[in-house]
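Notes follow the structure.
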Amino acid sequence: MLDGTDESAAFELSVRQHSRFVFKVAYGVLRNSHDAEDVVQEVFLRVHRNGTRGVRDLPGWLATIAFRLAIDRTRKLMALDIADFELAATEPDAESVAMHRQQVDRVHRLIAALPEDLRYPLVLSALEELNSRQIGEVLGIPESSVRSRILRARQILKDKLMAATGTKR
Amino acid sequence: MNDNEQLDNLLAEALSEYGAAEPLAGIEDRVLQRLRLQPEHHPWSGWKWAAAAACLAALAVAVWIGMARRTPQSPSTAGEIALQPKVTPLKRDPTPHSADPSMLSQAASERIGVQHSSATTSGRQTNVNAPRAAVFPNPVPLTREEQAFVAALDRHPDALPTTTAPGAAPVIARIEIKPLSDSDKPSGENQ
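Encoded structure:
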């Protein structure tokens with residue numbers, strides 16, 4: 049059994065090991081570094097209060113807490129207006145801006161415009177620390193649903209990008 | 004590279020930015036610093052406070068019960084009411100009613116005896132601080148009806164019926180018991 053000093057050392061170690069990962073999970077939802085760091089602070093504050101007794105998968109558990117806190121924060125801060133993220137077909141093409149960067153930004157806006165049940169599996173799949181099973185645990189859905197939703201999200205994005213750029217399959 | 008591959012690459016690049024997101028340097032130290040500033044909180048601290056509160060409440064109840072037992076009971080309590088003198092009704096006195104009315108009033112006041120309930124000896128403590136009465140039993144003032152009766156006797160001493168002479172034994176009327184007739188029998192016996 050850990051005494052107080054060992055417990056503190058173990059907790060500090062877990063903060064140093066997982067805080068960046070927790071940040072990424074929060075950032076995937078919030079897309080804002082400042083808000084994401086607030087979520088990281090809140091996650092470890094809760095862990096400090098409640099302990100990690102009985103937790104088998106610490107990264108998955110931390111990701112779940114971070115995801116839920118980020119979702120709460122998103123809903124409190126603003127109701128996302130999907131129309132704002134829709135890709136405007138007549139968006140002015142500034143020659144000074146790199147074409148590639150513009151396309152990546154378009155993808156980000158399209159991702160933000162996806163419905164939540166498709167967006168979050170896609171965003172979390174971008175984190176190499178989380179596998180499909182862990183994503184399923186974070187979102188509370190089966191692993192098979194995670195994979196199908198990621199595929200659907202990618203397909204929707206491709207279709208929208210093709211429509212926007214005028215490319216054909 | 005065809006268009007589909009280009010889109011895949013574009014998607015992969017956009018998504019990689021989610022994975023590559025990095026906080027400002029020193030996030031771990033900031034998290035730990037904030038936790039150090041938080042007041043110490045253990046999961047069992049709530050239980051500790053709850054147990055302390057329960058002990059305190061039990062102690063307060065014990066003290067209250069002890070205080071209640073030590074303090075003398077107020078006159079309004081049932082035990083003290085039992086200690087109050089009880090006025091008994093007037094008994095029939097064989098003394099002749101034709102006696103002096105002033106004697107009657109004195110006798111009446113004496114006959115209004117004072118009795119203490121048996122509760123006085125049932126283990127309850129009497130109030131030792133109460134002043135001891137000069138006369139035992141404690142004289143009890145006459146009620147309004149008794150005073151009126153005595154005053155009436157003072158005014159009209161002849162009003163009292165004189166049935167017997169002083170010192171004579173009271174005359175008891177003879178009681179005759181008649182045999183039961185058939186009509187007096189209860190109806191249940193005929194059945």
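Going down the list, the sequences are from chains A and B.
Sequential numbering from 49 applies to the first sequence in the numbering used here.
Sequential numbering from 4 applies to the second sequence in the numbering used here.
Positions of the beta carbon are idealized from the N, C-alpha and C atoms, including for glycine.
query	result
Contact the region 99 to 118 of chain A vs the region 60 to 78 of chain A: 3+ CB pairs below 8 angstroms	yes
Chain-ordered residues of the region 149 to 176 of chain A with a beta carbon less than 8 angstroms from chain B	151, 152, 155, 156, 159, 170, 171, 173, 174, 175, 176
Residue 174 of chain B CB to nearest heavy atom of the ligand NAP below 8 angstroms	Looking for the ligand NAP in the displayed structure turns up nothing, as the structure carries no ligands at all.
Start and end residues, alpha helix (DSSP H) containing residue 192 of chain A	191 to 213
Alpha-carbon to alpha-carbon, residue 191 of chain A and residue 200 of chain A	14 angstroms
Cβ neighbour criterion (16 or more within 10 Å) applied to residue 148 of chain B	exposed
Against chain A: residues of the region 18 to 36 of chain B by CB proximity under 8 angstroms	18, 19, 20, 21, 22, 24, 25, 26, 27, 30, 31, 33, 34, 35
Local conformation of residue 83 of chain A per DSSP, three classes	helix
Residues that residue 16 of chain B contacts on chain A, provided the C-beta gap is smaller than 7 angstroms	152
Closest by C-alpha distance to residue 22 of chain B, when choosing among A/176, A/154, A/103	A/176
Any C-beta of chain B under 9 angstroms from that of residue 186 of chain A	no
Residue range of the unbroken alpha helix (DSSP H) whose run includes residue 164 of chain A	164 to 173
CB contact below 9 angstroms: residue 147 of chain A versus chain B	no
Per-residue DSSP class, three states only, for residue 159 of chain A	helix
Start and end residues, alpha helix (DSSP H) containing residue 34 of chain B	30 to 40
Nearest-angstrom Cα separation, counted from residue 71 of chain A out to residue 109 of chain A	14 angstroms
Contacts that residue 59 of chain B makes with chain A (C-beta to C-beta distance below 7 angstroms)	What residue 59 of chain B touches in chain A: nothing, since even the nearest Cβ is about 26 angstroms away.
Min CB distance residue 81 of chain A to chain B below 9 angstroms	yes
Where the alpha helix (DSSP H) containing residue 148 of chain B begins and where it ends	147 to 158
Three-pair Cβ contact test at 8 angstroms for the region 79 to 95 of chain A versus the region 54 to 71 of chain B	no
Beta-carbon gap between residue 173 of chain A and residue 186 of chain A smaller than 9 angstroms	no
Through-space distance from residue 61 of chain A to residue 95 of chain A, alpha-carbon basis	13 angstroms
Terminal residues of the alpha helix (DSSP H) in which residue 183 of chain A lies	180 to 187
Burial state of residue 174 of chain B, where buried means 16 or more other Cβ atoms lie within 10 Å	exposed
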